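Single-structure report; data block below.
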Amino acid sequence: MRHIDPHLPRQLFGWHSPRVGLDMPIVRYGTWGPALLLLPTAQADYLEYERFLLIQALEHHIMKGRLTVFSIDSINRHAWMNSSVSGQESARRQALYSGYIEEEVVPHIRRTLGQPDARIAIAGASFGAFHAANQFFRRPDLFNILIAMSGFYDITPYAEGYGGEEVYFNNPTSFIPNLNDPNTFQRLRSSQVHLLTGQGAHERPEKTMRFSDLLRAKGIAHNLDVWGHDMPHDWPTWRLMMDHYVDKRLGWLGWISASPPGPLSSFVERGSAEAAHRLLARGLWALPSPRSWRGAGGEAEGWHLARETPR
423 MRHIDPHLPR QLFGWHSPRV GLDMPIVRYG TWGPALLLLP TAQADYLEYE
473 RFLLIQALEH HIMKGRLTVF SIDSINRHAW MNSSVSGQES ARRQALYSGY
523 IEEEVVPHIR RTLGQPDARI AIAGASFGAF HAANQFFRRP DLFNILIAMS
573 GFYDITPYAE GYGGEEVYFN NPTSFIPNLN DPNTFQRLRS SQVHLLTGQG
623 AHERPEKTMR FSDLLRAKGI AHNLDVWGHD MPHDWPTWRL MMDHYVDKRL
673 GWLGWISASP PGPLSSFVER GSAEAAHRLL ARGLWALPSP RSWRGAGGEA
723 EGWHLARETP R
């Protein structure tokens, strides 16, 4: 049993990051369309979104060329969620991880797409929403769409009282109130910011609403989308959210310009039944164990782990 449709192009790649000092893999799904970078939850890896069927929920869009998806490892198991690492050291490693995304991952995606100036969509769920928002607001010159699902946006509880610049410049709740660069606001005006949360089991919608209040106070346009009490903090919710947004909200109809599709609106208690029935009708199935890496090929830029193309 496979994680994804065997006809979906899938490429594994990676390199040893000089910034974080680790071998950092990356997976790509699809061959064309605007890029979406996914950041994992908690301590997970680059294949998490495949194992938990979110890629499968998006594959009909990917096959139509509406987007191409990239996913990378999280730093959390080496930093914020590692009890043997101090808050100060976790913050230092977070800063290195941000640099890895901005100076290594984004250039790789741009080279892959053949678009040296492309701005990229970024998304994540739970802890991944924090990382996605952090990258988006740090560098709106690199990212033009944020989809943050069931997230929190203040890393200070993990910092154990440390408040150095590595925390400040990697914590949206800290640095956004002090944004004042006109070029940054101009880029944000040409971007889409989507903050999503459910209200079901283990969700904390107040964290998303508090971040929305911060953005509103700063005059940053965004979409606050609060789903119902039947939407828990779990993968079924995030699969529905991502499928709905790619299908209906982002304006990705094939190869798309960077312009947002129109004014962003807010939703509270938006019905999710239609999206749920659409996914359920496609019959998502149980997961096998994760794929293993299957070899390496040396290239100047990195190493190919595996490549799968349509049969």
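The sequence shown begins at 423 in our numbering and counts up by one. For every residue, glycine included, the Cβ atom is placed at its ideal position computed from N, Cα and C. Predicted model, so just to flag it, every value in this text is computed and none were measured.
Span of the beta strand (DSSP E), counted from its first residue to its last, around residue i
| i | result |
| --- | --- |
| residue 437 | 432 to 438 |
| residue 567 | 565 to 571 |
Buried versus exposed call for residue i [16 or more other C-beta atoms within 10 Å across all chains shown]
| i | result |
| --- | --- |
| residue 498 | buried |
| residue 611 | exposed |
| residue 641 | exposed |
| residue 639 | exposed |
| residue 608 | exposed |
| residue 581 | buried |
| residue 495 | buried |
| residue 457 | buried |
| residue 443 | exposed |
| residue 432 | buried |
| residue 556 | buried |
| residue 604 | exposed |
| residue 629 | buried |
| residue 739 | Because residue 739 is not part of the residues shown, which for the chain are 423 to 733, the question remains open. |
| residue 455 | buried |
| residue 579 | exposed |
| residue 470 | buried |
| residue 627 | buried |
| residue 647 | buried |
Where residue i sits in the DSSP three-state scheme
| i | result |
| --- | --- |
| residue 538 | coil |
| residue 463 | coil |
| residue 523 | helix |
| residue 544 | strand |
| residue 577 | coil |
| residue 428 | coil |
Residue i - containing alpha helix (DSSP H), residue span
| i | result |
| --- | --- |
| residue 407 | Residue 407 is absent from the model: the chain starts at 423 and stops at 733. |
| residue 410 | Only positions 423 to 733 of the chain appear in the structure, and residue 410 is not among them; the question remains open. |
Within-9 Å CB hit, residue i to chain B
| i | result |
| --- | --- |
| residue 475 | Here there is only one protein chain, and chain B is not present. |
Original post:
Mind pulling the beta strand (DSSP E) runs of 3 or more residues that sit fully within the segment 594 to 681?
Top reply: Segments of the beta strand (DSSP E) lying fully in the segment 594 to 681: 614 to 619, 645 to 648.
Subject >> Inside the segment 438 to 519 only - alpha helix (DSSP H) runs reaching at least 4 residues >> reply: Whole alpha helix (DSSP H) segments, 4+ residues: 470 to 473, 476 to 485.
Original post:
Three or more C-beta pairs closer than 8 Å, one from the segment 538 to 547 and one from the segment 443 to 454: is that the case here?
Top reply: The count of Cβ pairs closer than 8 Å, one atom from the segment 538 to 547 and one from the segment 443 to 454, stays below three, leaving the stretches out of contact.
Subject >> Segment contact, 8 Å Cβ cut-off, at least three pairs: the segment 514 to 521 with the segment 580 to 597 >> reply: The segment 514 to 521 makes contact with the segment 580 to 597; the number of CB pairs closer than 8 Å reaches 3 or more.
**OP:** Check whether the segment 472 to 491 touches the segment 500 to 514, counting contact only when three or more Cβ pairs, one atom from each stretch, lie closer than 8 Å.
**Re:** With the cut-off at 8 Å, the segment 472 to 491 and the segment 500 to 514 do not touch.
**OP:** Count the CB pairs spanning the segment 591 to 605 and the segment 614 to 631 that are closer than 8 Å, and state whether there are at least three.
**Re:** Flag = no, the segment 591 to 605 and the segment 614 to 631 do not touch.
Original post:
Taking three-plus beta-carbon pairs below 8 Å as touching, is the segment 654 to 666 in contact with the segment 561 to 572?
Top reply: Two segments are said to touch when three or more pairs of C-beta atoms, one from each, lie closer than 8 Å; by this definition the segment 654 to 666 touches the segment 561 to 572.
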